[in-house]
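Protein chains in written order, with our numbering: chain D, 38 to 416; chain V, 615 to 946. Beneath this line is the structure, given in C-alpha cells, with notes to follow.
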C-alpha cells in the first residue's frame, strides 16, 4: 500500500540532514535514545517543515543569524580599528570631518573625529552580541527557577516570590537599569583593573585592546543591571504556566510514585511549558538588543567604546549639520537585528502551538511515496 | 459588588509592601552601592571637608540605613527635603514635571486609540489582505524599532528638512488651572499656546505611541475576529439584525480586553519616558530621573521612582476595577 509522505523542498532536505546529525550526536552518548524517542524526532522534523514553509520565520532566522555572525566576525573583518581616525591618519581634516558615506575609504562615512562608521559598527555588533549572550541566560534561569518554585509550592512561598516580582515590575525598568549600572560602574572598573585575567577576558570577548578593557566597565555594569531587570517577566510567565501544568494527571502520577519535587519540576513540568517560554526567549533576544541600545544611548559619551546606541547619541549632535548617516545607519542596524528575532519568534509561536501548527502542515502538499524515497523515510 | 470590595481591600494591602519595596530598592542602589555620596554632592575629590561634614550631618549619612531610609522617605512625602545639588524641594520639583509627562502620555494615548483601534477593526474586516499584512508588519516593527532612532528620523524630516514643527521647551499659558499646559490653554481659550503645544508634542506623542499602536491594532483584530465568529453574533444575524447593529454588538465585546491593555500602557507611560523625553528635549519626569542618575542626585531619583511606582500601581488597580465594571463575567 502506498504511504503518503510530505513533498520535500531543498530546505526540508537540509533540515532533515540537520536533525539526522543531531540524532547521531545524541546516539553517541545514549545508544538507545533514537529508538525510544522516534516520535519526538518525527515531531521535530514536522516543526522544521512548518518553519520552512513560513517566509516570515525564514526571514527572521536569516536576520537573527546574521546578527550573530556579524557579531562574531565583525571585529575581524572590520577595515579599521574602532578608534582609528582618518583625520589622524591622513591629516585631511576638511575631507574627513563628517564625511558622507562613500568618501575615500570610509564606506559608511565618518563622524566628527574622522572615525570610520563601518568599523565602529562592526565592533559595536560584537558588544551587542556579548551583552545579549550574557544577559539572557542568567535572567531566564533565575526567572524560571523562581517561577517554578512559586507555582509548584504555592501558599506563602508563592505569595512572597510574587510580591517581590510585582515590586520589580512596578519599577520603571529603564530607570532601574540605568541607576543600577551607573552605581555599579566604578566598582566594576575596579574589579577589572585589579584582576589581570578579567582584563584579558574582557578585552577578548569584546574584541577591544587590553588598554581599553577598563572602559568596558560601563557595558558590564549594564549586563548586571539587566540581570536584575530581566528575571521578573520570566518568573511571572513560568508561574502561570506551572499553575496550569501542575494539575495534569502525569504530575499526579509522578507524585504518587514518590518522585521528588525537584524531579517533578524539572522532568515533568518544565519540558511541558518550555514551548511557550521558547517564544518569549526568542523575542527577548531582540528586546535585550533594544534595551541595551537604549541604555547606551542614554549613557552617551560615558560609553568610552561606542556601541550602536552610543554612536547614535554621539551622532545626533550633528544631525542639524545634515549628518544623517551617524544616526540612521546604526539605528537601522538595531532595527534589523531586533526585527529579525521578533519575526522568528512570531513564526515560532505559530509553529509551537499545536492548534496553529496543524494549519501550516495542511499547506504541505502530500504526494504518493515513490519507491526511491521509500528507503529514506523509513530509516 | 461585595466581592469587589473584598478584592479592593486585598489589593490595597498588597499595594503598600510593593511601594515600600520599590523605594527600598532605589534607596539601596542610591546609598549602599556608591562610595561616598556626600563627597560627590560637595564637588568630588577636591571637596571641602567642612562642607562634606555638613552634608553628612544634614542628610543623616552616618546613621544606620533604616534611619536614613526613614529620614528620606519622610522628607520626600512631607516635601521637606531639599535637593543637595540644586537647592529646591525635591517633591515639588518632581510634581512640577509630572504635568509635562502627563501631557506627553495624553498625546501618545490619542494616537493609540485614534489609530490603533480603527486599524485593528479594518484589518479584521479585511482579513488576509494587504491592510492586514501591513498591520502585522507594523506591530512587529513597532516593538523592534529603537525609539530614539524613530525620534531622530522625525526630527530630521519634519524639523530639519520641512520645518513644520518645533522641538524643545514647553510653552505655558498664563492661566493656571490644572497645571497641564495644553488643557489650561484649551480651558482659557489661549489658542496660540494651544497650537504651540500641539506643534511640540505631536511628534513625541506619535513616537512614544508607535509601538503601542501596532500592539493595540493586533489585539483589536484578534479579539474582533473572535467576537465576530462567536455564537451570539451568529444568533444576532439569524434574528435578522442589520449589519450595523451586529457590528456594534461584536465591537462592544471585542473592546473589553483592549481597555486593559490601553490602561496598562497608560500606567507604564505615565512613569516617564526617558528616551523620548531626551530625544525631543521635553522636561518630563523621565528626563529628570536620567539627569538625577548622572548627577548622583539621589533624593530626586527616589522621589521619581516613588511617584512612578505609585502611578503604575494605582493605574493597575483602576484598570482591574474598570474591567469588572465593563465585563460582568469577571468575578474576583
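Ideal Cβ positions, reconstructed from N, Cα and C, are used throughout, including at glycine.
Residue environment, residue 415 of chain D, which counts as buried when at least 16 other CB atoms sit within 10 Å = Any reading at residue 415 of chain D is ruled out, since the residue's pLDDT is 42, under 50, leaving its predicted position unreliable.
Count the other C-beta atoms from every protein chain shown that fall within 10 angstroms of the C-beta of residue 225 of chain D, then say buried if there are 16 or more, exposed otherwise.
-> buried
Reduced DSSP secondary structure (H/G/I, E/B, other) of residue 875 of chain V = helix
Quick one: what does DSSP say residue 31 of chain D is sitting in, helix, strand or coil?
-> There is no way to answer for residue 31 of chain D, as the model of chain D reaches only from 38 to 416.
Return the residue from the list D/231, D/271, D/50 that minimises the CA-CA distance to residue 205 of chain D.
-> D/271
Close-in-space but distant-in-sequence residues of the same chain around residue 116 of chain D (CB under 7 Å, 5 per side omitted) = 153, 155, 156
Residue 737 of chain V CB to nearest chain D CB: under 9 Å?
-> no
Which of the residues in the stretch 733-760 of chain V, read from start to end, lie with their CB under 7 Å from any CB of chain D?
-> 754, 755, 757, 758, 759, 760
Kindly indicate which residue of V/753, V/733, V/628, V/695 has the alpha-carbon position closest to the one of residue 947 of chain V.
-> For chain V, the structure presents residues 615 to 946; residue 947 of chain V sits outside this window and is missing.
Going along chain D in order, which residues have a C-beta closer than 7 Å to the C-beta of residue 885 of chain V?
-> Here the neighbours are 209.
Under 8 Å from the C-beta of residue 868 of chain V: neighbouring residues of chain D | Those do not exist, as residue 868 of chain V stays about 20 Å from chain D at its closest Cβ, beyond 8 Å.
Residues of chain V with a CB under 9 Å from the CB of residue 362 of chain D: which are they?
-> Under the 9 Å cutoff, chain V gives no residues; its nearest Cβ is about 11 Å from residue 362 of chain D.
In chain order, what residues of the same chain have a beta carbon less than 7 Å from the beta carbon of residue 171 of chain D, not counting five sequence neighbours either side?
-> 260
What's the call for residue 588 of chain V, buried or exposed, on a 16-neighbour Cβ count within 10 Å?
-> No answer is possible for residue 588 of chain V: it lies beyond the span of chain V, which begins at 615 and ends at 946.
Given that a residue counts as buried once 16 or more other Cβ atoms are within 10 Å of its Cβ, and exposed if not, what is residue 941 of chain V?
-> exposed
Cβ-based contacts, 9 Å cut-off: residues of the stretch 704-725 of chain V near chain D = none
Spatial neighbours of residue 927 of chain V within its chain, please: CB distance less than 7 Å, with the 5 preceding and 5 following residues excluded, ordered by chain position.
-> 629, 632, 633
As assigned by DSSP and simplified to three states, the class of residue 696 of chain V | strand
Rounded to whole angstroms, how far is the Cβ of residue 887 of chain V from the Cβ of residue 208 of chain D, which I believe are closer than 8 Å?
-> At roughly 15 Å, the Cβ-Cβ gap does not stay under 8 Å, so residue 887 of chain V and residue 208 of chain D are not in contact.
Should residue 761 of chain V and residue 639 of chain V be called a contact, given that it needs their Cβ atoms to be closer than 9 Å?
-> Using a Cβ distance threshold of 9 Å, residue 761 of chain V and residue 639 of chain V do not count as a contacting pair.
Please compile the residues from chain D whose C-beta is within a distance smaller than 7 Å of the C-beta of residue 915 of chain V.
-> 216
Is the beta carbon of residue 371 of chain D less than 9 Å from the beta carbon of residue 335 of chain D?
-> no
When you compare only the Cα positions, how much space is there between residue 304 of chain D and residue 81 of chain D?
-> 19 Å
is_contact[residue 231 of chain D, chain V] using C-beta, thresh 9 Å = no
For residue 384 of chain D, which of D/178, D/338, D/312 has the nearest alpha-carbon?
-> D/312
Where does residue 416 of chain D fall in DSSP's three states?
-> Confidence is the limiting factor: at residue 416 of chain D the pLDDT is only 39, short of 50, which leaves the residue's position unreliable, though a coordinate-based value still follows. If DSSP states are grouped into helix, strand and coil, residue 416 of chain D belongs with coil.
Go ahead and label residue 46 of chain D buried or exposed: buried means 16 or more other beta carbons lie within 10 angstroms of its beta carbon, across all protein chains shown.
-> exposed
Quick one: Cα of residue 914 of chain V to Cα of residue 921 of chain V, how far?
-> 11 Å
Among V/856, V/801, V/724, which residue has its Cα nearest to the Cα of residue 815 of chain V?
-> Closest option to residue 815 of chain V, Cα to Cα, is V/724.
Run down chain V in chain order and give the residues with a C-beta less than 8 Å from the C-beta of residue 203 of chain D.
-> 628, 632
From residue 838 of chain V to residue 868 of chain V, what distance separates their C-alpha atoms?
-> 5 Å
Comparing alpha-carbon positions, which option in D/280, D/160, D/129 lies nearest residue 105 of chain D?
-> D/160
Do you know how far the Cα of residue 767 of chain V is from the Cα of residue 185 of chain D?
-> Residue 767 of chain V has its alpha-carbon roughly 43 Å from the corresponding atom of residue 185 of chain D.
Straight-line CA distance for residue 362 of chain D to residue 149 of chain D?
-> When the Cα atoms are used, residue 362 of chain D and residue 149 of chain D turn out to be separated by approximately 12 Å.
Buried versus exposed call for residue 50 of chain D [16 or more other C-beta atoms within 10 Å across all chains shown] = exposed
Return yes when the Cβ of residue 240 of chain D is within less than 9 Å of the Cβ of residue 332 of chain D, no when it is not.
-> no
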